[in-house]
Every structure is written in C-alpha cells, then in structure tokens.
Amino acid sequence: MLSMKKINKVFKTDLVETHALRDFDLQVEEGEFVAVTGPSGSGKTTFLNIAGLLEGFTQGEYTLDGVNVSRLNDNQAARIRNEKIGFIFQGFNLIPDLNLAENVEVPLRYRGFNSAERKRRVEQALEQVGLGARMKHLPSQLSGGQQQRVAIARALAGEPRFLLADEPTGNLDSLMARQVMELLEEINRNGTTIIMVTHDPELARRAQRNIQIVDGQVCDFTLYQGGDEPQAARA
Amino acid sequence: MLTHYMDLGWRSIRKTPVLSALMVMAISIGIGITLISLNVFQLMSHNPAGERSSVLHMTQLWSQGPDSWEEYSANLTYQDTMNLRQSDIPVRSVASFRSGGAIHAEGSDAEPEMRSIRVTDSEFFAMFSVPFLYGGSWDKSVDMEAAHVVVINEDLNRTFLGGGNNVGKIIYLDVTPYQIVGIIDHWMPRPKYYDVTNGSMNFAESIYVPFSLTPHEEFPVWGNTSGWQFEPLITYNDRLLSEKTWIQFWAELPDEDAQMQFSQWLTSYVEQQQALGRFTDNTRTSWMRLLDVAEYLTDSEVVPEDNRIMIGLSALFLAVCLVNILGLLLTKFLKRAPEVGVRRAIGASRRQIFLQHMVEVSLIGLLGGVIGLVWAWFGLTTLADHLGMEEALGRLDPSMWIMTPSIALGAAMLAGMYPAWVICRTQPSVYLKSQ
Ligand SMILES: Nc1ncnc2c1ncn2[C@@H]1O[C@H](COP(=O)(O)OP(=O)(O)OP(=O)(O)O)[C@@H](O)[C@H]1O
Ligand SMILES: [Mg+2]
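Those sequence lines, one after another, are chains F and G. According to full-length UniProt numbering, the residues represented by the first sequence are 1 to 235, in order. According to full-length UniProt numbering, the residues represented by the second sequence are 1 to 435, in order.
Following this line, the structure appears as structure tokens:
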C-alpha cells in the first residue's frame, strides 16, 4: 500500500540545515491502522506531510498504491491527494466561512462530482459522524469534538484509500478524544488504511501497530493486538 | 466550478465590506476617468463618412498674398466658390456655409426660434448621405436660378408644423416665406464632418436653403470669416467681392483619375486668376489642395493634442489605483493563507487556487467598471452642463459598453495576477500545523 525507502528530508533555512528525516524506511499494508509516536521535533509531521504528498523530499523513493509518487508535478499530486488521501489535522482546519455541508463538499468539488453526487456523499458522510442534522451550521457553532468529526466527514466523503491524521485528538478532552478514536476505528474496519500521529499512549495502544520515530528515523515498531501488551519489539 | 468561484468571490467581497468598497472605489475612479478621456477621444476621432471618406474632397485654395497666413484657409472666397461650381469634373460639388435666423410657421403655436441654417447646394443631401423622411432636395436648377425653397429636419417639422408630411407647406425665415420641399430624418454626424470650422461636435443644422439665394437674401454668416488683408465690409456685396474666406467647398471625386483631373483643372484656374492679379504668393509652387474626409479631420485638429495627453494621464492614474489595489489584495489574500493551505491539502491544485482568486478579482473589477461607467456618465454630463463642453461630447459613446468591461477586467486582472500567484504558491504544510 505505502512503501517508503531511504527517504531523506532536509530543511534548509538561512542559518541551519535540519535533517528532519534520515534514511526513513516504512512499509504499510492495506487496511492497517498505524499509530505513530515519538518525541517532539522527531519528524512525525514531516513524515505525514510527505506521505500525504503535501511536501516533497530530498532523497529516496516513495510508492503509494503501486504508483511511484516520488516526483510528481503539482497537478498530479493534487489529484492523488484529492482522490486517494484523506487528511485530519490537529487544528481541525475547517473553513470558517463555509457551513458544515459546504466544508465537506470542498474536496468533492475539486474532484468534479456533479451536485447530486456531492449532496449524496455529504449527507452520508455527515450522517456517519453523527452530524447529519447540523448541515447548515457554521464551524464556530460547534464544539471542538464536533468540529473534528466534521473534518473526518470531509476526509471520508471522498472515500479515500488512506487516511492521514496528525494528532487528531490533540485539542480534545479525553471523552471527545475517545469518541473520535472510535470513529476512526470504525472507518478502519470498513477497509480504510489509517496512519495516525499521536502523543497519547493510551490511544496509540488501541492501534493495530505502533511505530516510533526518533530523530527522523523509525526506531521501534510494535504490534499490538486487541489492546494486549506488546508482543514484539524490533529495532 | 466557475459559478462556485464566483460564489466564493462574492462571499469574500462581502466579508470585508470596507476593504472591498475601497478597492471597488479606487478602481471605479480610475476607470471612470479613463472612460471620460477615451469617450471624448472616440467621439472626436470617429470618421462618420465611412466608406465615402476617400471620395469626398474638401477643396482649399492658397488665395492669400505673400507674408500673410502660413497655412491653407479652411474656407474659400465667394468668388472662387462661384467659379469652382462651374467645373463639371466632380460628380457632385457642394458649396455651403453656416447661417441662422428666426423661424416660425403660420398658424403654429410655437414661438419663433433662432436656429442655425445651412446655406448650401441641392446635392448636399446626396453627397453626405442625409436620409429623407418626406420629399427630397430642391431641383438642381434652383442652384442656378434661386427659389425660396427649404429642407427642414424632423425636429423642426414637429415643433412648428406638428409633424407628418408637410412637404409643400410654408415656413418663414425671418419674414420671408419658404416652401418646404423635403423633411430629413434624424441625422447627427459626429464630428460634423462637412464643416468642423465652428464646433466640430455641434449638431447638424435643422434648416437648409439654396446657396443661390445668398446674394438676394444676404444671409448672415454664423461661421468663421477670415481675411488676410484689410477690407472693410460695408455692404453684403463687399463681402461677396472680397478676399474674405467663409465658404466650404466639397467635391465628390470617385477615383484617382477624377482627383487628378480636378487638380489640373484647379491649377489652370489659379493660373487664370493669377493673370487677373490674384493668388500673388509667388513663394509657392502649388496653390490648391484636396483633402479627403479623414485628411480634413486630421488637418482641422478635430482631436486636439490635449486629448491624447489626457488619455495618457488618465491611464497613469488608473495605474496608480491598480498599484494600490494590488497591495490591498495581497494583504487580503495572504490573510487567507491557512484556508488556502487546507484547500491545497484536500486536493486543490495551484491552478484552481489561482483561478478562484482571479475570479474574485474580476468581480471586484467588474463592480468597479459598473461604478466607473456611472462616474464617467456623471463626469461627462457635468462637463457638458457646467464647463461649456460641446453638448454632443457629454454623451456616452456606445463603444463604451464594450470598452468598460474590457478595461475593468483587464485592469483588475493586472492588479490581481501577482497576489493570486503568491497565494497559489502557498505551501500547505506550513499552515496546517500552526493552527
Ligand atoms: N518548514 C520547516 N523549515 C525548517 N525546519 C522544519 C520545518 N518543518 C519542520 N522542521 C524541523 O524538522 C524537524 C521535525 O519537525 P516535525 O514537525 O516533523 O516534528 P514533529 O515530530 O511533528 O514534532 P511535534 O510532535 O512537536 O509536532 C524539527 O526539528 C523542525 O524544527
Ligand atoms: Mg507534529
């Protein structure tokens, strides 16, 4: 599904060069739920941005869904983001001037669906996250947890193969965080591959598989099954 | 997608009403001023003769003595006019000058009115393609043997005779009765190309009487009379015999052959006159010239140099407005970078972001254009009403309906291109983590 080989990402600013990812190798299979943890500044967001084709990288090879996506132009990358990838961010990132239905509709418009298809998918997605009755509300009229569910609906509406979440529960209290987590688990059960960055070890433990990034490298990954204690840890 | 972008653009415009109003105002004032100067230019530089421009020739003679005027007089003397009318080389030839007098009709409720009158020959109407509603010009024989006949326009017909076919009826110029032989339809060539010497943007006259009546009726001259030497005009006959120039003479010369022949005819005419002691400026090698309509309009400087400078200045002003708008747009768009980051992340390409913002800018431009058109209309009317600009110039030329949206869109896009480009280069990842 997703395969990264020896990915290197160097940020150059006027003063310093930051080696955010170093010979980064990772393999994710179809249908997996992967939780990514690691200290602050270790390169988790950088990894997710590269995985989501939001950023390019300096060296290495990246294959997504059988296609080499290492060197795409802007249009091609935008298209893959639109069709295959769903994003969920810590800050929800809804567009404040658009109501819920319109927010969910945004990626569908770029996809070129007609209005009947868009309407169907928007309703279905908002229904799925339990906000079907609030289509005309503005994001500011919702709680944080509700906003994050809208963001999830937006990511779901395009029926992506692949969901990338960067600390999706980071701004939520633990109850809301659990609800969001349950939603993600349900989505994963329906066949969508999920990669989720989180600082919360409890949430991480609920994922099928855990990887830890330290200093720009995958240093440890652990397979949890059914919330049991770690069974294996490899370097 | 375009309608969606328009919807987004419109929301964005409404979201920052003050900023948007500022931009729309700036662009509308720039456009309004540009439109005013373009409108005036358009009206002045129009050649209403169309296809016949190269066929109609204004005839001018260097009848002045040495050390006087340094250019051709726009008009001819009465004696030269009478002699030129003898030539049968032109298909048509027409002498004319502007006069005026009090008009009234018997049994009409309308008060007598002072109106300007064109004194001319029978073929004036055919030559300048004047449309008739009823009747036609007077008979060609009247050009030789004067008769009190008149052609009036529809406006005068309505005012004094209640409209309708009044051919055969009588109207009075001062106290003299004239029989109506023709009524012309609305006709307003701009510039008034058959005679631009007194107000190129004035309306065409509403009354036309035979030139052959001039010595009998002693029509006052409402146009320019120029003289290059001292000649007192005590009687009207003095004027007719003088070297004063005050009559326009047009010749219709359908091809180069005819033009050549007429030039030769004029040259030998001048030689005859020189034998009689006229055309004494021996520093010259040629004493006559023929100008077609386009040349005549250029030569008469119907479009003054000032007007071109005005266009340049107003374009400069528009440019200043655009630079301001560019700055405002840049600020406005950059504030929206986080939203654009999200859009990029969930599948918008740079092109789509660029388009979205260009559509918004175009909406601002079009709004500015509409208001600019109102400014232009208001400005032109005010100029015409209060600053004594000729009346016809105070109107919006129909070409402005095409000109305005083009200028508005072009200007807005020019100003919006850079901000839209900057925002479409937004690196999505930068804005996603910072929220
Ligand atoms: N645009 C950038 N320019 C320069 N350096 C950057 C940029 N983005 C990230 N970095 C650097 O790359 C390294 C990895 O950053 P990254 O955001 O991936 O960390 P992270 O693991 O997501 O941290 P956190 O848990 O705090 O979100 C950091 O040292 C950071 O300073
Ligand atoms: Mg991060």
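Cβ coordinates follow ideal geometry from the N, Cα and C atoms, glycine included.
Residues of chain G with a Cβ closer than 7 Å to the Cβ of residue 49 of chain F are, in chain order, 429. For the C-beta of residue 209 of chain F, not a single chain G residue is nearer than 8 Å; the gap to the nearest is close to 24 Å.
In the three-state DSSP reduction, residue 226 of chain G falls in the strand class (E or B). Straight through space, the alpha carbons of residue 369 of chain G and residue 27 of chain G are spaced by roughly 7 Å. Contact with chain G is absent for residue 71 of chain F, since none of that chain's Cβ atoms lies less than 8 Å from the residue's Cβ. In the three-state scheme derived from DSSP, where H, G and I count as helix and E and B as strand, residue 16 of chain G is classed as coil. Counting only residues of its own chain and dropping the five nearest sequence neighbours on each side, residue 110 of chain G has a CB closer than 6 Å to the CB of 159, 160. For the C-beta of residue 339 of chain G, the chain F residues within less than 7 Å are, from N- to C-terminus, 95. The beta carbon of residue 215 of chain G lies closer than 7 Å to those of 240 in the same chain, with the five residues before and after it left out.
Judged by beta-carbon spacing, residue 206 of chain F lies within the 8 Å limit of residue 181 of chain F, meaning their Cβ atoms are closer than that value.
Chain-ordered, the residues whose CB falls short of 5 Å from any heavy atom of ligand 1 come out as F:11, F:18, F:20, F:40, F:41, F:42, F:43, F:44, F:45, F:46. CA-CA distance, residue 76 of chain F to residue 410 of chain G, rounds to 31 Å. The beta-carbon separation of residue 291 of chain G and residue 262 of chain G, rounded to 13 Å, does not stay under the 8 Å limit for a contact. Considering only beta carbons, the part of the stretch 340 to 359 of chain G lying closer than 9 Å to chain F consists of 341, 342, 343, 344, 345, 346, 347, 348, 349, 350, 351, 352, in chain order. Relative to ligand 2, even the nearest heavy atom lies 7 Å or more away from the CB of residue 200 of chain F. For residue 216 of chain G, no beta strand (DSSP E) run applies; the uninterrupted alpha helix (DSSP H) run containing it begins and ends at 214 to 217, by DSSP. Residue 135 of chain G places its beta carbon 8 Å or farther from that of residue 115 of chain G. Against chain G, the CB of residue 81 of chain F has a partner CB under 8 Å away; the residue lies at that interface. Residue F:46 holds the alpha-carbon nearest to the alpha-carbon of residue 218 of chain F among F:46, F:152, F:105, F:138. Contact of residue 121 of chain F with chain G by beta-carbon distance below 7 Å is absent, the smallest such distance being about 14 Å.
For residue 197 of chain G, no alpha helix (DSSP H) segment is defined, and its DSSP state is neither H nor E. Against chain F, the CB of residue 332 of chain G has no partner CB under 8 Å away; the residue lies outside that interface. At least 8 Å separates the CB of residue 188 of chain G from every CB of chain F. Taking a beta-carbon distance threshold of 8 Å, residue 52 of chain G does not count as an interface residue toward chain F. Your pair residue 153 of chain F and residue 131 of chain F checks out as a contact, with CB atoms roughly 7 Å apart and the cut at 8 Å. Residue pairing by DSSP places residue 153 of chain G opposite G:184 in a beta bridge. Checking the DSSP bridge columns, you'll see residue 8 of chain F partnered with F:59.
Contacts with chain G at 8 Å (Cβ-Cβ) include residue 55 of chain F.
Inter-segment contact for the stretch 73 to 80 of chain G and the stretch 251 to 265 of chain G is absent: fewer than three beta-carbon pairs are separated by less than 8 Å. Under the Cβ criterion of 8 Å, residue 308 of chain G is not counted among the residues facing chain F. For residue 200 of chain F, the nearest beta carbon of chain G is not closer than 8 Å to its own beta carbon. In the DSSP secondary-structure assignment, residue 288 of chain G is bridged to G:61. Apart from sequence neighbours up to five positions away, the residues of its chain that approach residue 225 of chain G with a beta-carbon distance below 6 Å are 244, 246, ordered along the chain.
Residue state for residue 24 of chain G is assigned as helix, using DSSP reduced to three classes.
One finds 1, 343, 346, 347, 348, 349, 352 in chain G with Cβ atoms closer than 9 Å to the Cβ of residue 110 of chain F, taken in chain order.
Excluding the 5 residues flanking it on each side, residue 136 of chain F has same chain C-beta neighbours closer than 6 Å at 99, in chain order.
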